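See structure below.
Chains as they are written, first to last, in our numbering: chain A, 6 to 366; chain B, 6 to 366.
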């Protein structure tokens with residue numbers, strides 16, 4: 006692989022951050038509920054995942070340039086958790102349509118506020134161990150995106166043969182830790198994941214990327230005009246009817262991810278490799294790996310119970326003769342799950358719905 | 006084996022029942038606590054084990070002849086649960102000293118009230134499926150005990166090679182389903198238990214027995230004078246100081262079971278074989294075997310969770326990818342235990358004590 010060209014000093018572009026807080030994940034039931042999705046939960050320490058995400062951006066992007074895109078049901082919760090954010094910085098989707106519409110909405114807003122700005126898009130519900138290294142990596146991605154009108158993804162040096170993540174196959178070097186993207190690869194089998202990691206040619210796809218707002222809108226117009234068309238139209242509506250226009254536009258939008266709809270098709274995409282202790286916290290097991298066995302506020306009495314993790318509500322939890330159990334204890338519902346089966350918590354939520362036990366959703 | 010002599014019509018003797026409610030079992034933690042021992046719990050249906058025991062004696066013994074022996078801490082609970090019982094019928098032990106002192110105290114009271122009476126002693130915390138057959142068996146034991154001054158034990162036809170029960174080895178026939186007792190046998194190993202059951206010569210020792218109060222006192226005087234001596238002395242104290250005299254007597258008593266202290270040594274003991282769906286409900290697993298998987302008031306959502314049993318408090322319980330788990334959910338504490346390890350719940354209680362978390366005891 007040959008080294009890419011050295012970067013010239015980048016043009017001065019204002020920076021924005023877009024926090025994607027649209028998730029309504031069911032994998033953290035019983036802590037996550039319809040009204041309290043994963044990103045609003047305090048599952049790691051005293052700050053919610055959303056709050057920790059906003060905290061982490063401090064110093065990188067001024068807080069008046071932090072936008073949060075979220076679902077109507079969660080807008081009040083987002084504003085309550087981030088009181089420092091201007092009211093207008095919470096962009097409210099009337100219905101969820103996956104991440105491409107989120108980013109189109111945010112890019113339109115950024116471009117409207119500051120022509121030529123560069124943005125970094127960050128999921129609200131990830132865990133990051135090293136915030137300094139995170140900011141350094143995002144700064145590099147923003148700088149690179151400010152320099153050229155391409156998508157600059159952030160990849161993660163894999164530390165295990167994870168089958169729950171998408172991968173990015175690396176092309177030629179574009180700098181010390183930047184590469185051309187050869188391909189985005191869907192979640193692999195265990196055997197493929199092992200080969201990916203052994204080869205050194207793959208990074209995990211973190212879902213974080215930087216791009217000039219104008220360039221991103223150009224890609225969206227090119228690959229997903231059925232998304233940008235209705236949104237641009239709604240943005241032109243007079244201020245007092247814009248809310249209703251947006252609602253009308255949204256119901257017409259397809260549900261499509263930015264990865265599938267744009268990233269995988271965009272030319273000249275670049276990836277910056279980061280190593281900042283990243284996890285998408287995709288399940289109770291992933292959270293247990295990060296958080297450890299106990300939450301610090303729940304007394305736990307294990308009697309021959311190796312591999313356990315307890316996320317409690319303060320009640321005492323005793324475990325006897327059980328292995329690799331995850332226990333999640335809330336005021337009205339309790340989950341006992343084998344550590345290797347936490348992906349199936351969705352099935353509990355489905356069954357609750359089938360039985361019509363809506364108070365537990 | 007030769008048939009024993011046919012019974013002549015028994016002498017008219019008044020019948021008493023003594024319910025032994027002294028237990029402070031820790032094996033039903035977190036439902037059982039210091040203040041609420043197993044016998045006061047509603048673990049099977051809407052009546053506590055104690056109430057079900059009293060209900061079951063109806064028709065066999067008039068309620069004014071039902072005595073309950075219990076620990077000072079539980080006397081109020083016993084009286085609350087059995088309001089039909091005369092106040093004086095709850096015999097209160099100042100400290101627990103196992104079953105021999107309980108029976109000495111009760112036998113003294115019965116003999117004081119009605120000379121020549123016959124009593125049947127029944128643990129308060131057993132489960133019995135067939136109350137009619139239970140009463141028929143106890144009637145036979147009472148009748149036989151009324152007839153001759155010996156202990157008449159009630160044995161249970163074994164339905165499995167249980168290692169958690171004591172066994173009674175049968176001697177010669179003494180009637181249709183009565184036998185001489187050849188030996189009381191301690192809890193056996195699995196292999197011995199299998200041989201016992203296969204031989205047809207053994208019954209489970211239910212802990213239930215009938216005896217004339219006077220005859221029982223005679224045996225106690227003979228084998229445990231260190232128990233009856235202080236109690237007889239306390240009984241002679243003037244009424245207003247009897248309570249204090251009893252407390253003084255109790256601290257001097259040895260802690261000894263009626264089985265070890267008397268039954269195993271008494272001559273000519275007889276056993277009547279019953280088959281009334283008996284369990285000593287010695288653990289959560291035993292209770293689960295009787296009660297089934299769900300308690301009827303707790304919504305349970307199992308996703309690949311064979312062999313589970315949930316004793317809930319109304320909160321929803323979801324189980325994912327776990328086998329043979331028993332979950333006991335109370336207001337302030339939660340137990341998750343493998344079905345084969347429920348004997349070790351004691352260890353949880355010990356650990357709670359060690360950590361000084363007294364509010365959970």
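We put the CB at the ideal spot given by N, CA and C, even for glycine.
Since the model is a prediction, treat every value here as computed from it, not as a measurement.
N- and C-terminal bounds of the beta strand (DSSP E) containing residue i
| i | result |
| --- | --- |
| residue 115 of chain B | Careful: residue 115 of chain B lies outside any beta strand (DSSP E), inside the alpha helix (DSSP H) at 104-118. |
| residue 348 of chain A | Run containing residue 348 of chain A: none; DSSP gives neither H nor E here. |
| residue 62 of chain A | Run containing residue 62 of chain A: none in the beta strand (DSSP E); it sits in the alpha helix (DSSP H), 54-62. |
| residue 334 of chain A | 330-334 |
| residue 82 of chain B | Where residue 82 of chain B is concerned, there is no enclosing beta strand (DSSP E), although the alpha helix (DSSP H) it sits in stretches over 80-86. |
| residue 98 of chain B | 95-98 |
| residue 276 of chain A | 275-279 |
| residue 233 of chain B | Residue 233 of chain B -> not in any beta strand (DSSP E); alpha helix (DSSP H) instead, spanning 230-240. |
| residue 72 of chain B | 71-76 |
Identified DSSP bridge partners for residue i
| i | result |
| --- | --- |
| residue 194 of chain B | Beta-bridge pairing links residue 194 of chain B to no other residue. |
| residue 126 of chain A | A:23, A:214 |
| residue 307 of chain B | B:324 |
| residue 142 of chain B | Note: residue 142 of chain B sits in no beta bridge, so no partner. |
| residue 284 of chain A | A:132 |
| residue 175 of chain A | A:186 |
| residue 316 of chain A | A:333 |
| residue 160 of chain A | A:210, A:278 |
Residue i at chain A interface by Cβ criterion, 9 Å
| i | result |
| --- | --- |
| residue 343 of chain B | yes |
| residue 308 of chain B | yes |
| residue 293 of chain B | no |
| residue 161 of chain B | no |
| residue 347 of chain B | yes |
| residue 301 of chain B | no |
| residue 340 of chain B | yes |
| residue 311 of chain B | no |
| residue 298 of chain B | no |
| residue 326 of chain B | yes |
| residue 365 of chain B | yes |
| residue 321 of chain B | yes |
| residue 8 of chain B | Low per-residue confidence applies at residue 8 of chain B: pLDDT is 48, beneath 50, and the placement is therefore not dependable enough to give any value. |
| residue 48 of chain B | no |
| residue 41 of chain B | no |
| residue 35 of chain B | yes |
Check whether residue i and residue j have beta carbons under 9 Å apart
| i | j | result |
| --- | --- | --- |
| residue 216 of chain A | residue 224 of chain A | yes |
| residue 130 of chain B | residue 285 of chain B | yes |
| residue 250 of chain B | residue 269 of chain B | no |
| residue 333 of chain A | residue 324 of chain A | no |
| residue 308 of chain B | residue 349 of chain A | yes |
| residue 124 of chain A | residue 218 of chain A | yes |
| residue 127 of chain A | residue 22 of chain A | yes |
| residue 106 of chain B | residue 77 of chain B | no |
| residue 102 of chain A | residue 258 of chain A | yes |
| residue 83 of chain A | residue 55 of chain A | yes |
| residue 190 of chain B | residue 171 of chain B | yes |
| residue 366 of chain B | residue 304 of chain A | no |
Residue i, enclosing alpha helix (DSSP H) - first and last residue
| i | result |
| --- | --- |
| residue 340 of chain A | Where residue 340 of chain A is concerned, there is no enclosing alpha helix (DSSP H), although the beta strand (DSSP E) it sits in stretches over 338-343. |
| residue 255 of chain A | 244-257 |
| residue 30 of chain A | Neither: residue 30 of chain A is in no alpha helix (DSSP H) and is coded neither H nor E. |
| residue 294 of chain B | 289-296 |
Within-9 Å CB hit, residue i to chain E
| i | result |
| --- | --- |
| residue 287 of chain B | Here the protein chains are A and B, and chain E is not one of them. |
CB contact below 9 Å: residue i versus chain B
| i | result |
| --- | --- |
| residue 38 of chain A | no |
| residue 25 of chain A | no |
| residue 32 of chain A | no |
| residue 360 of chain A | yes |
| residue 218 of chain A | no |
| residue 255 of chain A | no |
| residue 334 of chain A | yes |
| residue 108 of chain A | no |
| residue 330 of chain A | yes |
| residue 350 of chain A | yes |
| residue 18 of chain A | no |
Discussion item. Three or more C-beta pairs under 8 Å: does that hold for the region 197-214 of chain A against the region 156-173 of chain A?
Written reply: yes
Worksheet entry | Three CB pairs or more closer than 8 Å across the region 83-94 of chain A and the region 59-75 of chain A | yes
Worksheet entry | Stretch pair the region 187-205 of chain B + the region 310-317 of chain B: three plus CB contacts closer than 8 Å | no
Worksheet item: Does the region 33-53 of chain A come close enough to the region 285-304 of chain A that 3 or more CB-CB pairs lie under 8 Å?
Response: yes
Practice prompt. Take every Cβ of the region 272-280 of chain A, pair it with every Cβ of the region 170-187 of chain A, and state whether three or more of those distances are shorter than 8 Å.
Written response: yes
Fill in: At least 3 beta-carbon pairs within less than 8 Å: the region 128-148 of chain A vs the region 27-44 of chain A
yes
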